[in-house]
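I have placed the structure first, in the form of structure tokens, so that the comments after it can refer back to it.
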Amino acid sequence: GAVVSQHPSRVICKSGTSVKIECRSLDFQATTMFWYRQFPKQSLMLMATSNEGSKATYEQGVEKDKFLINHASLTLSTLTVTSAHPEDSSFYICSARTGERLYNSPLHFGNGTRLTVT
Amino acid sequence: AQKITQTQPGMFVQEKEAVTLDCTYDTSDQSYGLFWYKQPSSGEMIFLIYQGSYDEQNATEGRYSLNFQKARKSANLVISASQLGDSAMYFCAMREGRSGNTPLVFGKGTRLSVIA
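Residue numbers (the working numbering), protein chains in the order written: chain A, 33 to 150; chain B, 441 to 556.
As structure tokens, this is what we get:
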């Protein structure tokens with residue numbers, strides 16, 4: 033069964049509005065979660081590393097003021113796309129490890145959120 | 441430079457045949473991990489198999505095996521007895537170092553199509 037739950041799975045919003053995506057770890061605590069973005073027919077690109085109780089670490093080229101990440105608890109990280117524009121339309125997917133001390137532990141992914149900005 | 445290179449944008453295989461998906465990687469770390477994921481059209485990322493840099497044996501998980509050639513820095517995925525349900529995108533990924541808080545870096549993927 034799924035170990036990472038992501039919601040919503042699909043969202044359509046108007047340009048200029050904000051959208052919040054939730055990522056929950058099920059039955060385990062995740063001090064670190066990772067947010068990826070995937071454009072059509074492309075690979076997953078890391079956007080940011082979400083750290084519980086502290087600021088997220090953003091990858092180069094990712095606007096932290098546009099993609100707000102909050103990791104307020106050990107089981108929930110949220111990504112808010114602020115003032116969304118059509119170029120933000122993409123597939124956003126979060127992930128976490130069930131065994132953070134195990135370097136060979138795979139990342140478990142949520143089912144992703146397909147964002148369409150009109 | 442690309443950390444993970446998957447040179448095959450698309451592959452076709454006959455049902456019940458075996459197929460090899462190529463992956464080469466670039467790292468200066470001695471400790472690293474290599475992962476393969478499957479992404480069906482639904483978008484979910486399904487973990488298939490893991491190989492650690494210090495593992496002497498090639499990893500195997502059911503019909504999946506990893507042909508790990510450390511000197512060549514390659515970690516090819518072999519799928520035996522292909523099934524129609526294997527049709528999907530396949531991504532090779534790497535984690536550098538031994539920290540559990542390190543993200544994965546993905547290759548561009550290979551689209552596998554299994555033909556009946």
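Each residue gets a CB set at the ideal place from its N, CA and C atoms; glycine is no exception. Note that the structure is predicted; figures quoted are calculated from it, not measured.
CB-CB length for residue i against residue j, believed under 8 angstroms
| i | j | result |
| --- | --- | --- |
| Q38(A) | N143(A) | 6 angstroms |
| Q479(B) | M485(B) | 5 angstroms |
Residue i versus residue j: straight-line alpha-carbon distance, rounded
| i | j | result |
| --- | --- | --- |
| F475(B) | T63(A) | 22 angstroms |
| F99(A) | T114(A) | 6 angstroms |
| P449(B) | Q442(B) | 15 angstroms |
| S41(A) | L111(A) | 13 angstroms |
| C55(A) | G48(A) | 23 angstroms |
| D120(A) | G483(B) | 18 angstroms |
| A128(A) | S57(A) | 7 angstroms |
| M451(B) | S86(A) | 43 angstroms |
| Y477(B) | L517(B) | 10 angstroms |
| D495(B) | F546(B) | 21 angstroms |
| A521(B) | T500(B) | 14 angstroms |
| L552(B) | Y465(B) | 20 angstroms |
| A458(B) | A104(A) | 46 angstroms |
| R503(B) | A80(A) | 34 angstroms |
| L488(B) | V36(A) | 16 angstroms |
| A511(B) | M534(B) | 16 angstroms |
Under 7 angstroms from the C-beta of residue i: neighbouring residues of chain A
| i | result |
| --- | --- |
| P543(B) | F66, L78, T81 |
| E536(B) | By Cβ distance, chain A contributes nothing, its closest Cβ being about 10 angstroms from E536(B), past 7 angstroms. |
Under 8 angstroms from the C-beta of residue i: neighbouring residues of chain B
| i | result |
| --- | --- |
| N136(A) | G473, Y490, G492 |
| I125(A) | G483, M485 |
Cross-chain neighbours of residue i in chain A, by beta carbon under 9 angstroms
| i | result |
| --- | --- |
| F487(B) | P138, L139, H140, F141 |
Local Cβ density within 10 Å of residue i, reported as buried at 16 or more and exposed below that
| i | result |
| --- | --- |
| G473(B) | buried |
| E536(B) | buried |
| A88(A) | buried |
| R69(A) | buried |
| T550(B) | buried |
Partner residues on chain A for residue i, Cβ-Cβ distance less than 8 angstroms
| i | result |
| --- | --- |
| K548(B) | Q74, S75 |
Taking only runs of the beta strand (DSSP E) that begin and end inside the region 64-132 of chain A, which ones reach a length of at least 3 residues, in chain order?
Whole beta strand (DSSP E) segments, 3+ residues: 64-70, 76-83, 99-105, 108-113, 122-129.
Extract the residue ranges of the beta strand (DSSP E) inside the region 483-536 of chain B, only unbroken runs of 3 or more that lie entirely within it.
486-492, 504-509, 514-519, 528-536
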